[in-house]
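Worksheet: one structure, shown below.
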Amino acid sequence: MNAPESLSRWAGAGSSRVPFWAYTDTQLYQQELQKIFYGPHWSYVGLEVEIPKVGDYRLSQVGERQVIMVRDRVARKLESDPNSADHGIRVVENRCAHRGVRFCQQPHGNVRSFVCPYHQWTYKLDGTLAGLPFKDGVPATDAEGHACVHGGMPADFDTKQHGLTKLRVAVLHGLVFATFSAEAEPLEEYLGPAVLPWLERIFAGRKLTLLGYNRQRIPGNWKLMMENIKDPYHPGLLHTWFVTFGLWRADQKSRMVMDAQGRHAVMISRRNDGGENKAVTQGVTSFKAGMALNDDRLLDVVPEPWWKVPDPSNPGTEIMPSVTMLTLFPSLIIQQQVNSLSTRHIQPRGEGSFDFVWTHFGFADDGEEMTRRRLRQANLFGPAGFVSADDGEVIQFSQDGFRQWGEGGETLCELGGTDTQGTEHMVTETLIRSMYAYWRKVMGV
Amino acid sequence: MNERLLLRLEIDELNAGYAAALDERRFDDWPGFFLPEGLYKLQARENFDRGLPLALIALEGQGMMKDRVYGITQTIYHGPYYTRHVVGPAQVLGEGSEGRVRAQAHYAVFRTRPGDASEVYNVGRYIDEIECTPAGLKLASRLCVYDSEMVLNSLIYPI
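Taken in sequence, the protein lines are chains A and V. Residue numbering for the first sequence follows our numbering, starting at -12 and increasing by one per position. Residue numbering for the second sequence follows our numbering, starting at 53 and increasing by one per position.
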């Protein structure tokens, strides 16, 4: 590319055509980091259950900045809000206030304090600078034999001013979110009343157990992952398992929900029995009429009582989805696919790549059978999964396509029209359009 | 000593045959390296070291393995690639349950995609329980613990 062009070059109206440069422009990506990831948005950093004891920490990421999620002693009152109860979870940036060193190198562990190896600046778990060597200088004797002090920090050096960057932290039903921004609204408002019930359905009042992690590096723009999980069009076409076994396809009872700003979404659906329904399987090459499992324990679905909840949009009735996929802007996907539960964390690495970290979990009151079931169904998901290995692949091929054409190209997201309304079916790309409507506003393009 | 050496050679031969079947894309042969109820697990070192049960792939018995083979040959869409397994000499660790042999071997798998240079794809070790059967050595369990902190986008074929 030559000289940077103006960013205000989104040619069409609306958000149903996304220009390729939204995925390939390096400068635009730098602005995304500032305006989205470091701006007034809440980013997922982890689960409370990952750091159960005081001093437990784990590294995470907000945008490209590495942060430390750590459990501190519970403070009686919070400076920011004297009435609130303190959850004890802190998120601080992994960057020493002295010379900028990314001092914490072990991905997880338990510590009493954080010490930078370079000059041993020491921080409390909440990121406050506790002390540093030779702050008051080194006592010595001068040429005339008088006691003196060599070096030391200036007299007005205030340790309070030189702690780690402390992020604002919000903990919601065991999920930990953080933001660098003082302007971000409270987390529950940020998520909004349309999306919240779907998060509460999975997490509220439950203790989680950690089952483990899978990590993959996908050579595509970070937004493509959000689009993938806001796109109910592809699963019944790309993923044989979904269309053949009725886990997700166009003839199911489904709903597309979004927050008032269109940035977060939930795709909700209820599994049917699969098999042939010509309206959705005819000509679909991924549908395998004769396909049967040699070992059906891979798909040993057992409905759980918590699946059924009062229907948030139809008071007085109940709804029992088998699938809910939440996309929480900018970087979190929460998956309930039958009995498989996970968070998926998008960690951008430049405009053309991101790391995708899957954290699988269950509930503390799961029996052994249910844990085994969740682990078996994990074969469907993740970087090697029967139905999600191919998502990473098509994201890579999308990015390759955008890159080879360059300026002037655009994607087309007009299934179900060009508007950004919620729907009671899945034959639509409305959630992608609504995210880009919000994205355009934030980015000013 | 001779018996021990012979056992090691037999395990090396098992590993060589296993690697060749995968690299030559004879995927239908792959479940046959296991006992009918044999276990195959591909797990990140992070989970293994911390005692977390999640695996990238976890299959119980030849039936599930055949389902995986169907998946990699018929249903999972992915860019084409070749693998090349380089497996180090087996190390016999001792006797396992039911008279089985416990052994491990280091491996490196390289991936080559059309038009691309070869790349280091997955690196780790096999931790095995092996049974001597009339049909030769069979895997009662193969746990592949991989060091690679990131899967390079996707992982389709068994390791």
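Built from N, CA and C at the ideal position, the CB exists for glycine as well.
Query, Result
"Inter-residue spacing [alpha-carbon to alpha-carbon] between residue 170 of chain A and residue 177 of chain A", "11 angstroms"
"Contact check, residue 307 of chain A vs residue 254 of chain A, beta carbons under 8 angstroms", "no"
"Paired residues, beta bridge with residue 184 of chain V - DSSP", "V/189"
"Contact set for residue 33 of chain A: own chain, Cβ-Cβ below 7 angstroms, skip 5 residues either direction", "45, 47, 56, 163"
"Residue interval of the alpha helix (DSSP H) (run including residue 417 of chain A)", "417 to 430"
"Residue from A/236, A/401, A/52 with nearest C-alpha to residue 1 of chain A", "A/401"
"Cut-off 6 angstroms between Cβ atoms - residues of its own chain near residue 85 of chain V, not counting five sequence neighbours on either side", "70, 191"
"Amino acids of chain V, ordered along the chain, whose beta-carbon sits closer than 9 angstroms to that of residue 373 of chain A", "119, 120, 123, 127, 128"
"Residues of the stretch 174 to 208 of chain A with Cβ closer than 8 angstroms to any Cβ of chain V, in chain order", "197, 198, 199, 200, 201, 202, 203, 204, 205, 206"
"Within 7 angstroms of chain V by C-beta, residues of the stretch 206 to 227 of chain A in sequence order", "206, 225, 227"
"Contact under 8 angstroms by Cβ, residue 321 of chain A with residue 186 of chain A", "yes"
"Contact set for residue 429 of chain A: own chain, Cβ-Cβ below 8 angstroms, skip 5 residues either direction", "22, 23, 26"
"Exposed unless 16 or more other CB atoms sit within 10 angstroms - verdict on residue 301 of chain A", "exposed"
"Residue 70 of chain V - containing beta strand (DSSP E), residue span", "Careful: residue 70 of chain V lies outside any beta strand (DSSP E), inside the alpha helix (DSSP H) at 54 to 75."
"Segment limits, alpha helix (DSSP H) that includes residue 189 of chain A", "183 to 190"
"Contacts of residue 104 of chain V in chain A (Cβ-Cβ under 7 angstroms)", "197, 198, 199"
"Cα-Cα separation, residue 28 of chain A to residue 168 of chain A", "7 angstroms"
"C-beta contact flag for residue 105 of chain A and residue 248 of chain A at 8 angstroms", "no"
"Rounded straight-line distance, which links the Cα of residue 381 of chain A to that of residue -12 of chain A", "Reliability fails at residue -12 of chain A, whose pLDDT of 47 lies under 50, so the model's placement of it is uncertain and the value that follows must be treated cautiously. The straight-line gap from Cα to Cα measures roughly 25 angstroms."
"Closer than 8 angstroms at the beta carbon, the chain A residues around residue 110 of chain V", "362, 363, 365, 366"
"Residue 355 of chain A - containing alpha helix (DSSP H), residue span", "355 to 364"
"Delimiting residues of the beta strand (DSSP E) encompassing residue 290 of chain A", "It is not in any beta strand (DSSP E) - residue 290 of chain A carries neither H nor E in the DSSP assignment."
"Among A/384, A/377, A/422, nearest to residue 129 of chain V - alpha-carbon criterion", "A/377"
"Those runs of the beta strand (DSSP E) which lie wholly inside the stretch 86 to 165 of chain A and span at least 3 residues", "95 to 97, 116 to 118, 125 to 128, 134 to 137, 155 to 159"
"Straight-line gap, residue 199 of chain V to residue -3 of chain A (C-alpha atoms, nearest Å)", "44 angstroms"
"Alpha-carbon spacing of residue 159 of chain A relative to residue 110 of chain V, whole angstroms", "32 angstroms"
"When A/274, A/256, A/103 are compared against residue 262 of chain A, the one with the closest alpha-carbon", "A/274"
"Under the three-state DSSP convention, the category residue 205 of chain V falls into", "coil"
"Residue 280 of chain A at chain V interface by Cβ criterion, 8 angstroms", "yes"
"Chain-order list of residues whose beta-carbon lies under 8 angstroms from that of residue 37 of chain A (same chain, five-residue window excluded)", "43, 45, 56, 95, 197, 346"
"Inter-residue Cα distance where the pair is residue 327 of chain A and residue 362 of chain A", "8 angstroms"
"Residue 243 of chain A beta carbon less than 8 angstroms from that of residue 252 of chain A", "yes"
"Runs of beta strand (DSSP E) lying entirely within the stretch 105 to 139 of chain V, each at least 3 residues, in chain order", "109 to 112, 134 to 139"
"Reference residue 281 of chain A, options V/66, V/152, V/115, closest by Cα", "V/115"
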